[in-house]
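Protein chains in written order, with the working numbering: chain A, 1162 to 1710; chain U, 245 to 386. Ideal placement from N, C-alpha and C gives every residue a C-beta, glycine not left out. Below is one structure, written out as structure tokens, with a few remarks after it.
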């Protein structure tokens, strides 16, 4: 029960300490981690935004460069010049040093192809483009950039076409997408990042690294027109979109957050490691602290219980003492009457005529018996009332060690018969104290005699004196006998309590000892030794009136 | 043994009576008084040598009675007798000049002894005073 009680307290304390430590730490970890993650994602978004802006410029610049080239050419050369195959051939070689232009067409305003230079001359020559959408576009707007298509050659490419200012003809160039693609591929973020262009229908204009051929529904939903860069944050990815090329193409840049958050995770793991290890250290301290508190608590409780026990014992002894005194008094008066009346008879008897009183001797004997038993009873009540003790109101300086030595000299012979040895362990610096030497000696004698009676042959009585707290003397009488039964420990000082055989003891010795020590301002207590046997402990105050010694 | 007068003061009638009877049988003069007041009255009007005084009595108790006896008849010796545990009152009694302090139950022989001792003390005391008075008397020129 007791153990459980303390165990519960311990558990509660440790639990409370742990909560105190772990809750704030956990909150700290969560908050830090989430804010760190947010910061990392924000950073990612910012760099994504910058990247897409840059790519937009690159794409626009690339397209514009092609468009400008064609615009310059149509501005420089009239239809008559470029309509001739030989001229176009030469021009093609001149402008296509980079190799990004696959072929060049020259088409008049009626859609008829006038000249062509490129690898597919046979299949294209003589074609009429008038009905083509792109041709109409160019004729209206002056220029056109197509979506990417595989065309006849099954190679992705797109077309840039420009009309001369008078719209008399159109110069059309097919651009190799490969170069264009390279520009985008270099702008990917992370290993699994994506960067590609789609047209309004969601068809990919440049290859995706992940092998996408078509946008999924989720991405298609992003194909709403918007100004500037739009950023969408999904569970695992962030998608940035930007419309380019007069809103015909949409530039997609995707980054996987998990992958991009690598540095963040590293920092977070470090933080968690530090926090967890400090938590463990704190937890250890908490356990130690709880243990410490519990030990304190336990010893305080024990002290209080002991004190309570002493108080109860003292109160009980006071009550018992008063009771015993009252009874003794009530008995003394009748005893007086008995002895007086018996005495009276014994005084009158000699006046009788012996011849008339047959049993005169018996009467005399009976009277003597009555007086004997009254004396016996009187002896007990007198002892109980402390009256048989010498009234020595005078106290004097007593050296307890000397007093013990004197007392031992009285009993040493008897101890010798019983083969009991008395071991003295005196404190050498024991101060003298003002007390009643003869009464104290009676107590010592009592305790030593009890010990000798108890242990019998071959026992050892340890008598120890120590000084405590500077103003107390402690005298211990310890024997190595059988000890005192636990149920008797509480009653051992009660008057008439005895464990000796009937008639061998009155049960007053320890009561009187208790009474004397109490009157001298000290305490007497009994306990069983762990090694067996009992120990009586007397604590006396050191009383030092003026000139000691 | 010289004959002297003892006053037995005790609130218990039986004790008083038997003690008076027995003392008289032993050849002393004895009287009884059931209270302190009564004892003082007897002392004032009669001749008493030794008082056997119970400590615990209704009315004025033994100690107070003793104090008044001291004032009234300083030469009278007082022996305290009680059934009580009051060591303190014993000490108090001795301080007030009681001859001794006895504890019930007590048999007649030791009691007689104490009373005789008390009377002896009183007698010696009285003798001294008488001698002193005689000396003074003689020293005075006729």
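Not one beta carbon of chain A lies nearer than 8 Å to the beta carbon of residue 271 (chain U). Secondary structure at residue 1343 (chain A): helix, using DSSP grouped into helix, strand and coil.
Looking at the DSSP output, residue 276 (chain U) sits in a beta bridge with U:252.
For residue 356 (chain U), the enclosing alpha helix (DSSP H) stretches over residues 352-383.
For residue 1256 (chain A), the enclosing alpha helix (DSSP H) covers residues 1246-1256. Straight through space, the alpha carbons of residue 246 (chain U) and residue 299 (chain U) are spaced by roughly 27 Å. For residue 1263 (chain A) against residue 1318 (chain A), the beta-carbon gap comes to about 6 Å, under 8 Å, which counts as contact. Per DSSP, the unbroken alpha helix (DSSP H) holding residue 1283 (chain A) starts and ends at 1282-1285.
One Cα belongs to residue 1241 (chain A), the other to residue 1235 (chain A), and the distance between them is close to 11 Å.
Exposure of residue 1168 (chain A) is indicated by the presence of fewer than 16 other C-beta atoms within 10 angstroms of its C-beta. Per the DSSP secondary-structure output, residue 1415 (chain A) pairs in a beta bridge with A:1355 and A:1400. Residue 302 (chain U) carries a coil assignment under DSSP once its states are collapsed to helix, strand and coil. Comparing C-alpha distances from residue 1692 (chain A) to each of A:1686, A:1640 and A:1705 shows the shortest one belongs to A:1640. When 7 Å is used as the limit between beta carbons, residue 1498 (chain A) is near these residues of chain U: 258 and 259, in chain order. By alpha-carbon distance to residue 1383 (chain A), the top candidate from A:1371, A:1360 and A:1368 is A:1360.
Of all C-beta pairs linking the region 1494-1512 of chain A to the region 1527-1546 of chain A, three or more are shorter than 8 Å, placing the two stretches in contact.
Looking only at A:1302, A:1253 and A:1440, the smallest Cα-Cα distance to residue 1186 (chain A) is reached by A:1440. Counting C-beta atoms within 10 angstroms of its own C-beta, residue 377 (chain U) has fewer than 16 neighbours from the protein chains shown and is therefore classed as exposed.
Chain order gives the chain A residues near residue 328 (chain U) as 1490, where near means a beta carbon separation below 7 Å. Straight-line measurement puts the Cα of residue 1650 (chain A) at about 19 Å from the Cα of residue 1465 (chain A). Apart from the 5 residues on each side of it in sequence, residue 1584 (chain A) sits with its Cβ closer than 8 Å to the Cβ of 1621, 1622, 1623 and 1624 in its chain, given in chain order. The beta carbon of residue 352 (chain U) falls within 8 Å of a beta carbon belonging to chain A, placing the residue at that interface.
Closer than 9 Å at the C-beta level to chain A, one finds these residues of the region 296-318 of chain U: 300. In the structure shown, residue 1654 (chain A) falls within a coil segment according to DSSP collapsed to helix, strand and coil. Annotation: Cβ neighbours of residue 1493 (chain A) in chain U (cutoff 7 Å, chain order): 327, 348 and 349. For residue 249 (chain U), no chain A residue has a C-beta closer than 8 Å to its own C-beta; the minimum C-beta separation is roughly 20 Å. Taking C-alpha positions only, residue 1336 (chain A) is separated from residue 1387 (chain A) by approximately 28 Å. The criterion of a C-beta distance shorter than 8 Å is satisfied by residue 250 (chain U) and residue 267 (chain U). Secondary structure of residue 1493 (chain A) (DSSP, three-state): helix. Counting along the chain, no beta strand (DSSP E) covers residue 1681 (chain A), and no H or E run does either. Looking at the DSSP output, residue 1337 (chain A) shares a beta bridge with A:1318.
Non-local C-beta neighbours of residue 1425 (chain A) in its own chain, meaning closer than 7 Å and more than five positions away in sequence, comprise 1197, 1198 and 1201, ordered along the chain.
Within chain U, the residues placing a beta-carbon under 9 Å from that of residue 1532 (chain A) are 351, ordered along the chain.
Collapsing the DSSP output to three states places residue 247 (chain U) in coil.
Each residue's CA atom was taken as its position, placing residue 1616 (chain A) and residue 1645 (chain A) some 12 Å apart.
For a cut-off of 8 Å, the C-beta gap from residue 1268 (chain A) to residue 1333 (chain A) is around 6 Å, short enough to register as a contact.
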